[in-house]
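Right, one structure below, let's go through it.
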Amino acid sequence: MTPPDISTSADLSAPVVELNDVHMAFGPVQALSGASLTIRAGECIGLVGHNGAGKSTFVNVVNGRLTPTGGAVSYTGEQAPQDQVRNSARAHSAGIRSVFQELSLCPNLTVLENLRIPYSTMPRHRWRSLARTTVIEALDAVFPDHGISAHALVGDLSIAERQMVEIAIAFSKRDHDARLVILDEPTSSLDVSIARQLLAHIRRFCAAGGAVIFISHMLGEVFEVASRIVVMKDGRIAEARETADFTHDDLVEAMGHVVPEGDAAQAAEARAELGPEVARLPSGLSARQGEIVGLAGLAGHGQAEALAQFFLSRSSKWRADDRPEVVFVAGDRARDGVLPLWSILRNLSLATLKEFSRRGIVNRTAEAALAQDWQQRIGIRADKLTDPILSLSGGNQQKVLFARALASAAPIVVMDDPMRGVDVGTKKEVYRMIRSEAATGRTFLWYSTETDEILECDRVFVFRNGDISAELTGADITAENMLRASFEMQEAAE
Amino acid sequence: MMMKPDTSNPVAGTSPNLLVATIRKPWIWSYLAALLAFLATMVLSGGQGALSLLYAALTFASFSVMVGIGQMFVITLGPGNVDLSIPATMTLVATLSLKFMGSEAGLILPGFLIALIVGLGCGMFNFALILLLRIPPIIATLSSSFLYQSLAIWSNRGLRIKPPEPLAEFSTSGVLGLPNLALVALLLAGLAWVVLERAVVGRWVLAIGQNLRAAQLSGVPVHAVRFCVYVGSALLAAVTGFLLASFSGGANLNMGAEFMLMSIAVVVIGGSSIAGGNSNVPGIWGAALFMFLLVSMLNSYGLGAGVRLVLTGIIIVTVVIVASKRKHSA
Amino acid sequence: ETSDKRIALSNNYAGNSWRQAMLESWSKVGDAAVAEGAVAAADAFTTSENQATEQAAQIQNMILQGYDAIVINAASPTAINGAVREACDAGIVVVSFDGIVTEPCAWRIAIDFRQMGRDQITYLNERYPDGGNLLEIRGLAGVFVDDEISAGIHEAAADSKFEIVGSVHGDWAQDVAQRAVAGILPSLPEITAVVTQGGDGYGAAQAFAATDRSMPTIVMGNRQDELAWWAEQKAANGYQTTSLSIAPGVSTLAFWVAQQILDGQEVAKDLSVPMLRVQQDELDAALEATPEGSVANVEYSRDDAIAVIEASQ
Amino acid sequence: MNRELMRILLPVLSLAILLGAVFYLQPRAMSYFGLNLLFNLAIPVALATMAQMMILMVNDIDLSIGTFVSFCACVTATFVQETPLLGYAILLAAIAGYAAIGALIYVRGLPAIVVTLGMSFVWGGLAVMILPSPGGAPPPWLRTLMTLKPPLVPLAIIAPIVIALLAHLFVKRSSMGVLLQGVGGNERALERAGWSIVRLRATAYAVAGFFGVLSGMALVGLTTSADANIALRYTLLSIAGVILGGGEFTGGRISPIGAVIGALTLTLAASFLSFLRLSPDWQIGAQGAILILVLAARLLVSRREAAA
Ligand SMILES: Nc1ncnc2c1ncn2[C@@H]1O[C@H](COP(=O)(O)OP(=O)(O)OP(=O)(O)O)[C@@H](O)[C@H]1O
Ligand SMILES: Nc1ncnc2c1ncn2[C@@H]1O[C@H](COP(=O)(O)OP(=O)(O)OP(=O)(O)O)[C@@H](O)[C@H]1O
Ligand SMILES: [Mg+2]
Ligand SMILES: [Mg+2]
């Protein structure tokens, strides 16, 4: 890791980037309208907002990948000549680094080779050994005990490990020091302990004079790490205050969502009666009709595999049921969910085609009605349902996948960390929806890396090294119990 | 039905202006190119023989269309999916069925049945290699095509047996000024269009082409769909082989050879994305007509083989460039 | 004395009736020769693709297998010269026929393809002293035989009253020829005759039949279906034409020539065999003798070979 | 790392088994002379396979490599031999043409398979124009090079090793190679990092063109002449070679060493069959059967890998 040399950036309040009344339009879509912000050395900006608020667009303007349709971006610092043509080149030489919402590593290359890609001015001579030491140093600095080999193929790593590699590469040492690191939802696939290591590193980095933009839908993290919080709403900067001036409720309110009251009571009612057992996995995991079963534990301990196996055992590759038994909500959108060439409409209706077809022909009226209905219910922010799915922001794509599964009549819903990148307001909405669906007798198997979500469950299985290490029900479902079950081995070893 | 603007394609949008919507279709370019080639030939002959050229174009395009449809479904399954066994399947089917019929008019129906059964067998064998042995489709179909070729040689040693008279008659005549073959191909194309644009199975094929894993996790019976596609391609090759042999007076061991490239060419010139997940039927007809008319035009102008080949290549590339939407800036 | 000698046939293509008839003749004569102890082996090999590179590899394998003589129908007259040279260097007798090789160390049983082209025009000149329009159907572009026959046709046509108004490549396949002819016909004037390279006459006839044009004189190439169609037309309207091609059985001539060389006979490097020609009056006999779907053929015996060798001396 | 090793192990194993079978059937092959005869025609195949690999590496496929090699062979046998300066200029221009095609495919977002299909007609036509009927001769130095008899190990063994090592160094070790692989693995990532994808893709195609030129030249050096159809088969052979060598069609997953071994395996498979002396009817089919067998072995290994 490389906090900039203190001597060269002694002035902690020196601006790194200034945005002045920036506008960004994608055709008719006004993704940013009049955003102004100055980012100074040494500060960590927490950027929050609902899905599609324009956060990714904002940071893509900062890192120069998008050229704003109005307004100006200026980079400062002696390493940043202003006369360079391309914004991205200017941003690059100003020491701005990005970790994108979608992973941008090459799975066919090794960890060390992946450093070569953002590090365009890397010396050619003996570049491998340089890359190896740099990557390992960076990983050690950000994630102590990461256990990742520099020679491992990225394709062989788990999604969390890939995210770690990408973050480490963003903080790594190069010829231009990192002065501003942009992290777009970096923790969405990391489990709690790894996320903590990252937060700690961000604090160290900022203390040494670096700046960070931290985008997350997990407000707790934002409060913990940000020195200033910027709230975006519908393409504008709605609020920008010191973290100390915000309370949790302020923030949610500023983002435009009202925290629904009385959830817990409602939930308790709904949880009252459960039906017979409908699923039992070899690992010992079981679920009853109408139950919301959580799969907890550290990321990559076999939860996703258990779910995928269960799904495959209950669905056939040779036959499609008129009434499928299980549906799947993917968390890794690009790999498991999105069909990139299709419209929102077709993406949404895929799992229910058979249910709504007549003699093998798609009922397109029913299809359109279904999609319309779910757009309303789950709040997909899109102009037209016939727009391509890729024109949606990350979180809104996720909502489409959610709708795809919930629209089906399948009695069991399998969810593989489905709330990655979904904003707080929508999450609450989805929780409510899940509970009401459960009340009608649907069963949910829900893997999540977020404690809040696990707390919504009726029964929780904690995974460790591919096995179930604890089964928690009712009042036992607490963050402490889960953590204890996740870490028991490590504690015993110490 | 073929020409009906495809309003279900959401990417193209549902524009109220039919003309604009039509022009945006990637397949329109193949028709334009075909028209140009046709006109260029007519300029040379002074408008003489227009009808007979059109008739010939429809006849010969039918073969490319039929194998092209099968190939299109295969290609739509995504990168790496392509059926190279089409020529060998055609040859094997034609050889076996013509040998069986032995020019007997009474045996036409059972002969056709045999053609279908052999086609089915080839398709199942191809897919077995792909599914059970996990051989990449290009190589699997290439390898199996060697086997089919051997079988064809072994079964009939290259002897040309005449098709039964009524069958030859059917395949070389027409009704209402349209060749029978073109009618068969139109029917098949119409069917393919319905499957691809309206049927659940079509959606499934398109979904698999974009992301097999995602499709499977959305409940698409991926094995069954891919099975149908490969078997369908082989069946279409079988029908084409059967008809081609009936049309040209017997089976040849190398009769399918040119359909390897031709079947791929008509699919992609017709505007389907080779990356899978996006395909269209009308374009296949346009491309098949174009490929025939292009060669006729170049032949008519009396150009040497080398020039002819070079021009064919340049024109194919140009059509593809014109039909493409600019994706990246340099 | 060659009873312990082994002869191999290197064949580059098996995909048409001509090649199949050639292989059949080879195995018929070769097996008989082995049975009577004339040679120890007469094995036939065919490459899986019609490619010079594959054939070169095949010949190199034959060298390793220790054959005493290799009989070649070559994919290219020059592209396998490297391999042929290696075979000669290893002391192997190489005899090429039909598709001959130019490497000087090999023997050639050549058919004068140029003459075959000229003969077609000669025949047409007799039929139509006033000349007329010709359609030429060629073979596969870039192949030696195609170039030779076409050159012969063009040479002779230049000296006659005929004009070649159209030329298409039929790749020596009925269906390709049929398609190519159907495509060019609409833009052509009245056609008097069609000159071909063998194996594409029936396709041309089909293409003409599909239009309302009158049937031109199509020079045939000895295929059974061509002959049958001719006979049919002859019966119906007295249709006249001629048919010429190289007999597939020439492989057996090559076999015996190789055997003679192994036997120590002095043999000139260049031998030639005549075309097999079917005239109007021979049609019925030829059709009778040709199996259905095959090619008119003659097979050669050892004595025929000796006669050919002596004739060239 | 382990998976990489597995990838390469299988091609090595299948080559070894096949070689064992050939030696068993034909002990004479086990000599300097024999090995040379067995493998010398694999040199151009290996080079064409390298060319195809460069294209597959960036997630495209090249259906024109066979005609391109034929074209280069024709140029080598005519222009390079008669007017060397012009000849080399043509070959350089052909490489530039390849690069231009790569750039065009990306800039216009075209399917590579169609563009290269179209180009296969272009190269084929040019070849027919240069050599309407077979002929030509290699430049003397080329013939000398290709018939070189180095001590102890025949050229037919040395050349593939050299090709494999050089390609490995370039693709797997050099920083340019890593970027090119990256284009296949995650093009967006490179684009985001500010790399010019057009330039990278053009480079990959240019390298492919370079290998294609080498293949054509090596072929003429071996066969002593060219014809317009001489290497048509290399298109499918090269694809099969890359796949046999453990490469994949997408994701930039390729192995240069594996691909060269794949090319050798394919060449050897044909020899193996002729040593078996099958009936001519089945010789073609047996080729297919061997391909299937070798690739089916991949399944066994990947099963074991999954179990491990
Ligand atoms: N290239 C584009 N074309 C069309 N619309 C776009 C484009 N990029 C962004 N948008 C739109 O701009 C808006 C802002 O998107 P952005 O990706 O910045 O949201 P976000 O705040 O990052 O959301 P999330 O939290 O879901 O990631 C969205 O409505 C999105 O659909
Ligand atoms: N093919 C497309 N058509 C329309 N819009 C698109 C397309 N591809 C991407 N977009 C839009 O561009 C926006 C930004 O582009 P891109 O996806 O490259 O950014 P990103 O860095 O991945 O941002 P994010 O953090 O949201 O993932 C996306 O949010 C998406 O809305
Ligand atoms: Mg975002
Ligand atoms: Mg986004």
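Residue numbers (my numbering), protein chains in the order written: chain A, 285 to 778; chain B, 4 to 333; chain C, 30 to 342; chain D, 1030 to 1337.
Yeah, the Cβ is synthetic: ideal placement off N, Cα and C, and Gly gets one too.
Please read these numbers as outputs of a predicted model, since none were measured by experiment.
Contacting residues, own chain, Cβ-Cβ under 8 Å from residue i (five flanking each side not counted)
i: C:L256; result: M249, S272, V307, L312, A315, L316, T319, A325
i: A:P312; result: D667
i: A:E721; result: L690, V697, F728
Environment of residue i [buried if 16+ CB atoms lie within 10 Å]
i: B:L80; result: buried
i: D:Q1081; result: buried
i: B:F86; result: Looking at the sequence shown, residue 86 of chain B is not Phe but Asp. Per the 10 Å Cβ criterion, buried.
i: A:P402; result: buried
i: C:T82; result: buried
i: A:E327; result: buried
i: B:L95; result: buried
i: B:F63; result: buried
i: D:E1277; result: buried
Residue-chain proximity (residue i, chain A), Cβ-Cβ < 7 Å
i: D:L1219; result: yes
Local conformation of residue i per DSSP, three classes
i: B:G81; result: coil
i: C:Y42; result: coil
i: D:L1085; result: helix
i: C:Y96; result: coil
i: C:E80; result: The residue you asked about is not Glu; residue 80 of chain C is Gln in the sequence shown. Coil at C:Q80, not helix or strand.
i: A:K517; result: strand
i: A:Q682; result: helix
i: B:L61; result: helix
i: A:I645; result: strand
i: C:E103; result: Strictly speaking, residue 103 of chain C in this sequence is Ala, with Glu absent from that position. Coil.
i: A:V465; result: strand
i: A:L316; result: strand
Short CB-CB distance (under 7 Å) between residue i and chain B
i: C:A170; result: yes
i: C:S216; result: yes
i: A:G519; result: no
Minimum Cβ-Cβ distance from residue i to chain C less than 7 Å
i: B:N302; result: yes
i: D:A1257; result: yes
i: B:L87; result: no
Those residues which DSSP pairs with residue i across a bridge
i: C:S272; result: C:M249, C:V307
i: A:M699; result: A:V613, A:W730
i: C:E192; result: C:N162
i: A:F747; result: A:G581, A:I752
i: A:D359; result: Checking the displayed sequence, the identity of residue 359 of chain A turns out to be Tyr instead of Asp. BP columns for A:Y359 point to A:V301.
i: A:W602; result: DSSP lists no partner for A:W602.
C-beta neighbour in chain D for residue i, strict 7 Å
i: A:I401; result: yes
i: C:I92; result: yes
i: A:L303; result: no
i: B:V271; result: yes
Contact with chain E by residue i, beta-carbon distance below 7 Å
i: B:A37; result: Annotation note: the requested chain E is absent from the structure, which comprises protein chains A, B, C and D.
Proximal residues to residue i (C-beta, below 6 Å), its chain only, five neighbours per side dropped
i: B:P13; result: Low confidence applies to B:P13: its pLDDT is 39, below 50, so where it sits in the model is not reliable enough to give any reading.
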